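To start, the structure under review is shown below, and the notes come after it.
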């Protein structure tokens, strides 16, 4: 099921249309299991997770299946709500800062909380907000130690329950403690893209719940309408806790010193970390500069434990790319590499030398580290570029044992402008605290353009292994800000430098 295209891989195992098909037609869909994210991420404090929750893909499948069930009652004589349909609680009035589990004063006076009940055979629900939460069915809630009771409901599905005053289509449930949200049987937060729902607000509510309980609840992308127009889907990369999985992957790749990858390709295809300082400003930081396009070269550094790289190009924010063999819609191409900062922005075709010689090192007969040092040891920044072969990658590694007082430089072929979702972007990062606002600015710009989350990480290359890449939930303000673009960072002039 997993596509070889990165964009398709984002909607892993639970595409909206697939879920709608499974829920509303009864077709059995085979789904690949997705491993749960461990509770204690590397390089950060422990993140508490609820062991009773279904993995996100399974939860979306279960909710869609429940939406498609249409019995008149459940069990012997229980309300149909117990085994069919989906109970939705729209976000309360008061803005994104109001806790989504708040209960209105009118509900307190009435003695029950109101929820909307959506089911395939019923008219579409009319929700006052496009973001909210899904309440677990009563048997599931009881099994998780979060029991509640029905007070009123929609006839005749409510069986012996009276209709709810004011809106006979609502379902009324017993009040929960707003001071103890972990006791509330919330299954997921949803945002309804069919009615203007925004991921940023859903992530804000996800963080609210985590801050209050230490538990993660999944965010589901929904389309809510009549009949088969309603479906829920889960994207593991659009969750605030996805950053913990990213840093585990980066730490593993940073420590991976393979010199070859499957298919006898160079080790940079499956190991190590491609990292680039982009700066930030009135441009999209994932786009190549005009200078990079003109010379067909975007400068990166290659971080790996055996490359002895302790510094990035500067202190500004930037981008981290996935390994080059990762599935993506627009693969990146490694053109050449240098053991030091080679000033490629002024080199002919990025990889040539000042005398307009465009040949790479191996084409000049420079096939070993010793030959490279002999030819360029007096001026390493002017040296020839190492080709992208297995053999020349080994030369790069050997040269880094000598030239390691600064960063190396890798030239990646320029890609087209304005294709952020097609690129193998893995994270935004900041190397120093003063660059954090710039990374958050880029994060929000990316979300504005794509509608997707991309984590902000801190990268400290001098840290011990296992702590080089760190993820902090409180850093993700670019993704949870529901207003206009974040204000320009204080160090705006430095941030603009590319």
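In the numbering used here, the protein residues as written are 8 to 505. Every residue gets a Cβ at the ideal spot worked out from N, C-alpha and C, and that includes glycine. Since this is a predicted model, take the numbers as computed values, not measurements.
Segment limits, alpha helix (DSSP H) that includes residue 97: Looking at the DSSP string, residue 97 is not in any alpha helix (DSSP H); the run it does join, the beta strand (DSSP E), is 93-97.
Residue environment, residue 218, which counts as buried when at least 16 other CB atoms sit within 10 Å: exposed
Where the beta strand (DSSP E) through residue 253 begins and ends: Looking at the DSSP string, residue 253 is not in any beta strand (DSSP E); the run it does join, the alpha helix (DSSP H), is 249-262.
Anticipated Cβ contact below 8 Å, residue 273 with residue 397, distance rounded: 5 Å
Alpha carbon of residue 413 to alpha carbon of residue 306, nearest angstrom: 15 Å
Unbroken alpha helix (DSSP H) run spanning residue 428, endpoints: No alpha helix (DSSP H) contains residue 428, which DSSP labels as neither H nor E.
Same chain only: Cβ atoms within 6 Å of residue 171, ignoring 5 sequence neighbours per side: 159, 177 and 179
Residue 348 to residue 309 span [Cα, whole Å]: 12 Å
Identity of the residue in 390, 189, 253 and 356 nearest residue 463 by Cα: 253
Limits of the unbroken beta strand (DSSP E) element including residue 160: Note, residue 160: premise wrong, no beta strand (DSSP E); not H, not E.
Meets three-Cβ-pair contact criterion under 8 Å: the segment 385-405 and the segment 366-376: yes
Identity of the residue in 247, 231 and 223 nearest residue 481 by Cα: 247
From 263, 284 and 304, residue whose alpha carbon lies closest to that of residue 357: 304
The segment 124-135 / the segment 88-103 touching (three or more Cβ pairs under 8 Å): yes
Helix, strand or coil at residue 268 according to DSSP, with G and I counted as helix: strand
Closest Cα partner of residue 114 within the set 184, 83 and 168: 184
DSSP bridge partner residues for residue 438 (one or two, in chain order): Answer is none; residue 438 lacks a bridge partner.
Cut-off 6 Å between Cβ atoms - residues of its own chain near residue 204, not counting five sequence neighbours on either side: 137, 138 and 198
For residue 427, the nearest candidate out of 321, 223 and 290 (CA to CA): 290
Sequence-distant residues of its chain with Cβ nearer than 8 Å to residue 318 (five each side left out): 413, 414 and 468
Classification of residue 141 by the beta-carbon crowding that lies within 10 angstroms, buried from 16 upward: buried
Residue 485 - containing alpha helix (DSSP H), residue span: 484-487
Residues of its chain near residue 276, where Cβ-Cβ distance is below 7 Å and the 5 sequence neighbours each way are ignored: 268, 330, 331 and 332
Straight-line gap, residue 85 to residue 129 (C-alpha atoms, nearest Å): 19 Å
Alpha carbon of residue 343 to alpha carbon of residue 322, nearest angstrom: 24 Å
Alpha carbon of residue 456 to alpha carbon of residue 371, nearest angstrom: 44 Å
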